[in-house]
Structure formats: C-alpha cells, structure tokens
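Accompanying notes for the structure given below.
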Amino acid sequence: MSKSSNYLMPIFIFTAIVLTMPFWFPFLGGYEGLDTKILIWAIFALGFDLLLGYTGYLSFGHAAFFGISAYVTGLMLLHFSSNIIPAMIASVIVTLIIAFLIGLLTLKRSGIYFSILTLAFAEMFHSAALSMFQDWTGGDNGLTGIPTPMLFGLKMQEMTVYYFVAIIAIALFYLAIRISRSPFGIMLRAIKSNQHRLEFTGVNVFKYKVFAFVISAFYATIAGSLMVIYEPYVASEFLDWSTSGHLVIMSVLGGVGTLFGPMIGAAFMLYFENVLSVPLGEQWLLVLGIIFMLIVIFLPGGFVDGARKLKRKLTAKENS
Amino acid sequence: MSGQLINQIFLQVMTGLQLGAIYVLIALGLTLIFGTLGVVNFAHGALFMLGAYFAVNIASAMGFGWAIFLVPLILFAFGIAMERGLMRFFYDRPHTDQILVTFGLAIVIQETLKWIFGANNIPFATPSWGSGIVRMHEYLPFLEGFVAYPKWRLILIGVSFVTVFGIFALLQFTRFGLIIRAGMRDPDMMRFLGVNISRRFTIVFGLGALIAGIAGVFGGPVTQVDPEIGMGLLVPSFLVVVIGGMGSIPGAVLAGFLLGMTLSFSAEYAAIQNIIIYLVAVVVLLVRPRGLFGQKGLME
Amino acid sequence: MAILDVHNVSKNFGGLAALKDVTFQVEEGTIHSLIGPNGAGKSTLLNVLTGLLAADEGRVSYKGTPLTEISPHEINQLGIAKVFQTPAIFPEMSLLENVVIPVLAARDGDFKLNFMETPKGMAECYSYAEEMLNEVGLQDDRNKEARFLSRGDKRRLELALCLASKPKLLLLDEPTAGMARHETEQTIELLRKIHSKGMTKVIVEHDMNVVFALSERISVLAQGQIIAEGSPDEIKGHPKVIEAYLGEEQEEA
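Chains as they are written, first to last, in the numbering used here: chain A, 1 to 320; chain B, 1 to 300; chain C, 1 to 253.
Following this line, the structure appears as structure tokens:
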C-alpha cells in the first residue's frame, strides 16, 4: 500500500513539467503548439492505458471515440455556439453512449474478437463519415470553417489553449491515479491476470470491462474535443485506423500499465513525427515501426520498464 | 421474367463472385493460420500487398506469366521465414502480444513499400491474354442480347475457385491434410503421438502467405496497388473470417462470397453499401456469436 | 439440513451421457467426497454445480435456491467457492492483493463503481486478507508475486482466496492433484484446520488417503451414475465400488 506522499509525487512532477513546458519545450525544436498537441495525445494515451494496461484488452478502435467527439465538437462550434463548454458536453454525451453500446457488443467475447471488432467498428464510423454523413462531416475534406472557439469570451488560442489543455491533463492524470489505487483498479488488474478466477470469486467481470472501456473512451472523447479546440478543423483521418494504430504504438513504446509510460510514448512519437522527421524524412514511421517491433519482442514493458531495468543494473553495480 | 432482368441478375451475381473472390482468398489464409496456430495475423493484408507489389514489378520486368509463377513462391518463403523467425517465439505469449507484433510487421511492410515505391498507386495492367471482355451470351443460352464481362474478373473468380478446391483437396485427400485437420482439433494430442506438428504448421503458415500472394497477383490489377490497400482489405477480411467462424474454411469461403454478393446487390443503395458489411457482422455476432461454421465455445 | 440438493441431473455431450440421473444431498457442515474412476463424470458434475455447464435435465438447489441459469459470479455471491484442479490464482499480483480481491467482492457485491475510493477505505479489507494469509501460513510472502510460489503454496493461496469470501459451501476439484506426499499431508492438515469453521465441503478426489482422512460422507460416481453412498467405512468394502475401480484397473492393464 502506498503512502499519500508516494502517490502525490507523480502528480506534482507531472504538474511541474506540464505548467512549465511552454518555456523549455521550444528549445527541443518543433513548431509552436506542438506541446499542446503532445498533451492532447497524452490524455488520449492515458485513457487507453486504463483499458490495455489494466484489463489487458487491446482496442484497435479508439479512433472512433476521438473522431466522433471531434466531429460533434466541431459541429457544435459551427452550428450552435462558439462556446466550447456546450460543445464539449455534447461530445461527451454522444460519444459515451456510443462507447457504451460498442462495449456491450464487443466485450462479451475473447480479447481477439474484441480487437478485431473494435477495429471494424471504427472503420464503420470512418466509412459512414466519408459517405453517408458527408453532408455533415465534409467527407474527405473534413469539417472546415469552424469559428475560433471561445471559453465565455476568452479566445482559445496559443497560450490560452495550452493552459486549458494542461489543466485538464493534470486533472485527468489525477483521476487516472485515483482509479488505479481504488478497488475498481484492483479488479481491472485482476481481469488481466486471471479473468476466469475473478468470475469465480463473485465478480461481475463483464460490467467491470464495460466501465473500463467507457472510462477509456471518456479520455479519448476529451482528447478529440480538445483537438478541435486547439485547431478548429476536423480531418476525416481522425477516424482512420491509423489513429488507433498510432495510439497503440505510443502506448506500447512508453510502457503499458504504467500510466506515465503511454504519456511518454505520446511525447516520443509526436516528437519523432514532427521533429525527427526532418532528418529522417518520410520514413519516420518506418523507423518507429521497427522500434515498436523491437520493443514488443525484447522489451514488452516499454521505455518505463527499460528505465527501471537500467536503474536496477546501475544500483546493483554501485552495491557490488 | 424479362430477359433484361435475367441479364442484370446474372451480372450482379458475377460481380458478387468477383468482389468476394479477393476477400475469400485473404480470409482463407487468415482462417487457415488461425485454425492451426491460433494466431491472428494482423500482417495478412500486408502479405497481400507484398504479393501485389512483387507481381506488378515482376510482370513489368519479366512478363505476367513469371509473376504468376514466382509471387506465390516468394510469399510462401516469406511466410515460412515469418513463422520460423518471428511468430514461433510468440506462441507462449499472450494473444495481445501476437496481435501487436503482427500489427508492427504490417506497419513496417507498409512503410517499406511506401519508401521504395512512393505513396501513389502503381498502375497494374492485366496481361494481354487476360484483357478485354468475354461475350457471355455466346456461352450461356439464358442470356439475352449482348452481355459482356471483363475477362480478367472471370479469371479472378476462376482462380479463387481453383485455390479453394486446391486447399480443400489438400486437406481432405492427402496425409499432410489429415495431420493438419487432426492438429486443428487437438494439437497437443498430435505432439503426444510423436507427430511433428510444428513443422507442418509452419508449412501451413507459408501456405496462408502463398494464398495471399495468389490474391495479390490476380487481385492486384483489380484493386489499386498502393501502400494503403493492405489494411483496407484486412478489416473486411477479418469480418469475413469472424462471420464464417474463426478457423472454419468453409465458413470463410461462404462468408466471403456472401459478402461479395451483398455488396453487389446493394450497389444501388450506395450510402448503405459502405457500412453493410459491418451491419451484417454485428447482426451475425449478436444472433450466432460463433459465426456460421465456428466451433462453439472457441471464442466465447 | 441439506445445503446442496442434486436431483436427477443428466448431462449429455453429443451422444455421450456424462451424467445419468444423478441424485444426492450434501448435509450442511459436513465434508462430503465425490470419488470414482476416471471418466466417471466427476468434473462434469462439478462444472454443473458451479454454473460452467447447464444440466440437460434435473436440478441443483443450494439452500433451496436453484442453481441453473446462474452465472459463475452470482453463484459465488450466493456463498459457493471453488478450488480448481490447477490452482487458479492471480499470478502477477501480490499474495496480499490476491486475497483482498474476494474480500472486496464480498464487501461490494458483484460490481461497484468505486473508482474514486482511496486505499484507506480498503484498510479493513487488507487486514482481513492478512488474517486469511495467516490461516494458511503464507503471511511471510504477502508482498511476493503469486507466480513465484510453488504449486503447493499456490494451492494454499487459492484456499485463502476461497476462505476470504466466507463461503458456506466450498467445492474442491482434486485439491491434491500432482502433489508430493508431504504436500498432500499438509493439505489434509490445512483442510482439517479450516473445517472447524462449520463450512460445508464437497471434495472431488482421486487420492484415497485424502478421502478417507477427511470425509464424513462419500458418494461414488461411475459412468455417470451414483453407484454407492455412505460413510467411509461403508464405502471401504463396498462390492460395487471395488468393481468399478477394478474395472478401471483392468482397462489400464
């Protein structure tokens, strides 16, 4: 059991990093606003880890929640009001209902079925957005012409957007840590460990799976909404399988199950895509894909696990 | 029934078979690999893509005939290498890891092809002996007037049938097939009896890749040849496997052609057509979770 | 009073009749063993009792409540716990966490959306879990990951898991399977020790030492049917039982 100081430490560190990021991040290269984008994907990956890292269920369809939320936010900003609050609320309601339904349908089966079906559902929404609903979504071109998002008179641009996202990120990280330390979190880890035994210990495993799924979809929803607030444009690519794929890659790279890891993975991947792609050119994803495979094969615990192992080796050397 | 209606239905059936043919070939390999090794190969679409890229390059360099001969062999070798060099280290690892590593491989293959050949599609012309149309009305008396169908699509349909029957014959009539079928039911028993099931399963993996190669050669001219088609075909093929029943070969074949038919006959309702396969999958899974021919309890 | 009432239960697999009209009762607070040669249907019967399989005919009642069409987690919430043939525990979690899970399940029911609850709220649960570990002698390893335990210790952990949910009925599926002599002795001792809590136990066993050391009542299953039932002494020399086992030996020979 951890003492309170133990669990608040990561939150303090995270808060410190995040609040000061706009000051030191420019030194690392990358365009202005990249730090905001990294935070948004960190939120996305954090929620994903609550599903994959805790229950062990690998969803290839989280792009659906990201994208649907983005479209709803965009449409609300476009047609209803440029105030972001009703837009975000609408996104959450719509997307979570859809997530709940998808969870009910896909979580009854094994993990393999789940991975395939979530991929399929995401593709279904992608297809629908490009065809059936293109009058609403703008089809291939995406949703354009969205006015500058406002938070009750405050324009959401540059620093304002960054700190808005930062505060939400800190709050959601805190929530994730609370979840991980709760009885609910213990049950999720038990699902990954031995679902069968858990069922026989009187636990309604299905309900826990569905709620874990919805909670992780909630994070995706917030991320999608924030993405539109950050950059008032919804690309149809938000619903593409590659969005889900990138999420999987960054989470595994960072270290599944550690909460911190996938966020580091998000930073790493976005940095790779936007900064290291200059020397690497178009092949950045190829290099990342190879790194990904190496991690899956040799270091499945990701960077965080690698850091831990390194630390152990170094302290062992000191002791001997 | 008016002659026009018969013509129309006939053409829609042909289109259904042709659309289904590629899905059947890809799903066949997927379900074969899953049924024997229990592996869900997220790289299978990429294997098709490899086949198509090899085919288009060999065809332009040496002629289409060489592509037909070489590509399946190349893919067979690739499949064997993939199984021995990568997959066999993952049999003891959780299913998620298998999915992750094959997914990673799919990305690497896709990006490598993009790097070498660019992101745009490569034109893949049908060979002269396969181009043009066939005057169907000259062979089928029930057709009225002039009814033509592209020759290459007929060839594609034919190839898919031949491949399906080939696999069927291999499994039903050979000793190898017998061992594979027994191994699909109970691999541990086979090992216990001293049968080297691992080596044979490796060959099956190669076969799955080979079939993807065949699909790439004959399907390549029909679909685009670009780095996105791999994943684009994988999702529907997965659903075909799931609808047919994971590990069931007749299921994959039936579901594949059924999907093709559904797409063909729903072409007028363009809006629905895009998502029809997902709707069908959802309905099937709600009503009969194991799929058409799946084994009960396998995936529940 | 009969805590478990099995009445005319039949189960078929394809053409094979695994259970044929099985009827017996288990008295509350007793240790009741189920024995029989291989293939007699013991595992099938146990799976029917725990909700894994549905009986084709007949019914199973637990304290009057029918056990059909109930999911495994509901069966456990009713007060039935099961020890599996291969110890079923949570390998990646610490021993303490392993045992706190059933305590939480007993406290919160089959589902509770308590994701904001702090570890402080679980302090009582954790101390009860520690008590359970003490019962089975595993308290020193409480922070160890369960996968590092020996098979015998895993079995003890599993018992702690089951005890933690305070079951009224404990089902044990070949608890000493694959154990060495001394481990079996330890298991018998442990089972005897926890029996004084007044819990009913149904043990499916192969090892006759275990059966005769612990049981108050024995039912014998052969080819899907109950062929004999009684006290250990009654069963020892029972002609039908000897016949059923001899028949098995002849097949093995």
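We put the CB at the ideal spot given by N, CA and C, even for glycine.
Confirm, please, whether the CB-CB distance from A212 (chain A) to Y57 (chain A) is below 9 Å. Numbered from its first residue, the first sequence carries residue 57 (chain A) at position 57. Numbered from its first residue, the first sequence carries residue 212 (chain A) at position 212. The answer is yes: Cβ separation under 9 Å.
Straight-line CA distance for K313 (chain A) to L190 (chain C)? For this step, residue 313 (chain A) is matched to residue 313 along the first sequence. For this step, residue 190 (chain C) is matched to residue 190 along the third sequence. Approximately 41 Å, taken between the alpha carbons.
Terminal residues of the continuous alpha helix (DSSP H) containing L276 (chain A)? Within the first sequence, numbered from 1, the residue matching residue 276 (chain A) stands at position 276. Premise fails: L276 (chain A) is in no alpha helix (DSSP H) and is neither H nor E.
Judging by CA-CA distance, which residue of A:Y71, A:L154, A:L117 and A:L299 is the nearest neighbour of V252 (chain A)? Indexing the first sequence from 1 puts residue 252 (chain A) at position 252. Considering only alpha carbons, the answer is A:L299.
Give me whichever residues DSSP pairs with N8 (chain C) in a beta bridge. If you number the third sequence from 1, residue 8 (chain C) lands on position 8. According to DSSP, N8 (chain C) bridges with nothing at all.
Contact criterion: CB-CB distance below 9 Å. Does P147 (chain A) meet it with respect to chain E? Although the question refers to chain E, the structure presented lacks it and instead comprises the protein chains A, B and C.
Taking a Cβ distance cut-off of 7 Å, strictly less, list which residues of the stretch 293-310 of chain A are near chain B, in chain order. So the list reads M293, V296, I297 and P300, given in the order they occur along the chain.
Is it the case that the stretch 222-242 of chain B contacts the stretch 26-42 of chain B, given that we only count it when at least three CB pairs across the two stretches are under 8 Å? yes
Is it buried or exposed, L279 (chain B), if we count other Cβ atoms within 10 angstroms and call 16 or more buried? Counting from one through the second sequence, the residue named residue 279 (chain B) turns up at place 279. Exposed: under 16 other Cβ atoms inside 10 Å.
Cβ of N47 (chain C) less than 9 Å from any chain A Cβ? On the third sequence, residue 47 (chain C) is found 47 positions in, with the first residue counted as 1. N47 (chain C) does not count as touching chain A.
Looking at the unbroken beta strand (DSSP E) that takes in S216 (chain A), where does it start and where does it end? By 1-based counting over the first sequence, the position of residue 216 (chain A) is 216. Where S216 (chain A) is concerned, there is no enclosing beta strand (DSSP E), although the alpha helix (DSSP H) it sits in stretches over V205 to Y230.
Within chain A, the residues that F238 (chain B) reaches when beta carbons sit closer than 8 Å: Taking the first residue of the second sequence as position 1, residue 238 (chain B) is located at position 238. Neighbours of F238 (chain B) on chain A, chain order: I116, L119 and A120.
Between the stretch 258-278 of chain B and the stretch 12-28 of chain B, do at least 3 Cβ pairs fall closer than 8 Å? These segments touch.
Do we get a CB-CB distance below 9 Å when we pair L292 (chain B) with the residues of chain A? Here residue 292 (chain B) refers to the residue found at position 292 when the second sequence is read from its first residue. Not an interface residue.
Check this for me: beta carbons of I122 (chain B) and V56 (chain B), under 9 Å apart or not? If you number the second sequence from 1, residue 122 (chain B) lands on position 122. If you number the second sequence from 1, residue 56 (chain B) lands on position 56. When the beta-carbon positions are compared, I122 (chain B) and V56 (chain B) come within less than 9 Å of each other.
Between L286 (chain B) and chain A, is any beta-carbon pair separated by less than 9 Å? As a first step, residue 286 (chain B) is located in the second sequence; it is residue number 286 there, counting from the start. At least one chain A Cβ lies under 9 Å of L286 (chain B).
Is it right to say Y54 (chain A) is buried, meaning 16 or more other beta carbons lie within 10 angstroms of its own, or is it exposed? Locating residue 54 (chain A) in the first sequence gives position 54, counting from the first residue. It counts as buried.
Out of C:G15, C:A18, C:I31 and C:L53, point me to the one whose CA is closest to A2 (chain C)'s CA. Counting from one through the third sequence, the residue named residue 2 (chain C) turns up at place 2. A2 (chain C) has its Cα closest to that of C:I31, out of C:G15, C:A18, C:I31 and C:L53.
So, for F117 (chain B): in the same chain, excluding its five sequence neighbours on each side, which residues have a beta-carbon less than 7 Å away from its beta-carbon? Sequence index remark: in the second sequence, residue 117 (chain B) carries index 117 (1-based). Within its own chain, the residues whose Cβ lies closer than 7 Å to the Cβ of F117 (chain B), once the five positions on either side in sequence are excluded, are Y53, listed in chain order.
Applying the 10 Å Cβ sphere with the 16-neighbour rule, what's the burial state of N98 (chain C)? Counting from one through the third sequence, the residue named residue 98 (chain C) turns up at place 98. So N98 (chain C) counts as buried.
Taking 9 Å as the cut-off, decide whether the C-beta atoms of L270 (chain A) and V165 (chain A) are in contact. As a working mapping, residue 270 (chain A) is identified with position 270 in the first sequence. As a working mapping, residue 165 (chain A) is identified with position 165 in the first sequence. Contact: no.
Should V217 (chain B) be flagged as near chain A, meaning a C-beta pair shorter than 9 Å? On the second sequence, position 217 is the one that residue 217 (chain B) refers to. Under the 9 Å criterion on CB atoms, V217 (chain B) is classed as non-interfacial with respect to chain A.
Measure the alpha-carbon distance for F100 (chain A) versus N38 (chain C) and round it to whole angstroms. Within the first sequence, residue 100 (chain A) is the residue found at index 100, counting from 1. Within the third sequence, residue 38 (chain C) is the residue found at index 38, counting from 1. Taking the straight line from one Cα to the other gives about 46 Å.
Beta-carbon within less than 8 Å of V83 (chain C)'s beta-carbon, same chain only, minus the 5 sequence neighbours each way: which residues are those? Stepping through the third sequence from its first residue, residue 83 (chain C) is reached at position 83. For V83 (chain C), where only same-chain residues beyond five positions count, the Cβ hits under 8 Å are R155, E158, L159, C162, L170, L171, L172, D173 and P175.
Going by beta-carbon coordinates alone, are H73 (chain C) and T106 (chain A) separated by less than 9 Å? As a first step, residue 73 (chain C) is located in the third sequence; it is residue number 73 there, counting from the start. As a first step, residue 106 (chain A) is located in the first sequence; it is residue number 106 there, counting from the start. No, the pair does not count as a contact, with Cβ atoms beyond the cut-off.
Going along chain A, which residues have a C-beta under 8 Å from L169 (chain C)? As a position in the third sequence, residue 169 (chain C) is number 169, starting the count at 1. None at all; the shortest Cβ gap to chain A is about 13 Å.
Simplified DSSP assignment, three categories, for H79 (chain A): In the first sequence, the residue the question calls residue 79 (chain A) occupies position 79. Secondary structure of H79 (chain A) (DSSP, three-state): helix.
Contact test: I277 (chain B) Cβ vs the ligand SAH heavy atom, cutoff 8 Å: In terms of ligand content, the structure shown is empty, and the ligand SAH therefore cannot be addressed.
Between P10 (chain A) and F260 (chain A), which are expected to be in contact by the criterion C-beta below 8 Å, what is the C-beta distance as a whole number of angstroms? In the first sequence, the residue the question calls residue 10 (chain A) occupies position 10. In the first sequence, the residue the question calls residue 260 (chain A) occupies position 260. Their Cβ separation, rounded to whole angstroms, is 7 Å, which keeps P10 (chain A) and F260 (chain A) in contact under 8 Å.
G158 (chain B) versus B:E138, B:L19, B:S60 and B:A125, residue with shortest Cα-Cα distance: Locating residue 158 (chain B) in the second sequence gives position 158, where the first residue counts as 1. Among B:E138, B:L19, B:S60 and B:A125, the Cα nearest to that of G158 (chain B) is on B:L19.
Mind reading off the beta-carbon distance from S353 (chain A) to A70 (chain A)? Whole number of angstroms is fine, and I expect it under 8 Å. Nothing can be reported for residue 353 (chain A), as the shown portion of chain A is limited to 1 through 320.
Around the Cβ of W129 (chain B), are there at least 16 other Cβ atoms within 10 angstroms (buried) or fewer (exposed)? Stepping through the second sequence from its first residue, residue 129 (chain B) is reached at position 129. Exposed, since its Cβ has fewer than 16 Cβ neighbours within 10 Å.
For A88 (chain C), which residues in chain A fall below 8 Å Cβ to Cβ? The residue labelled residue 88 (chain C) in the question sits at position 88 within the third sequence. Ordered by position in chain A, the residues that pass the 8 Å Cβ test against A88 (chain C) are N194, H196, R197 and F200.
Taking DSSP's pairing of strands, which residues face Y149 (chain B) in a bridge? As a first step, residue 149 (chain B) is located in the second sequence; it is residue number 149 there, counting from the start. Per DSSP, B:V134.
Please list, in chain order, the residues of the stretch 261-285 of chain B that have any C-beta partner in chain A closer than 9 Å. A270, A271, I272, Q273, N274, I275, I277, Y278, L279, A281, V282 and L285
By the criterion of Cβ-Cβ separation under 7 Å, what are the contact partners of E92 (chain C) in chain A? In the third sequence, counting from the first residue as 1, residue 92 (chain C) sits at position 92. Residues of chain A passing the Cβ test: S193.
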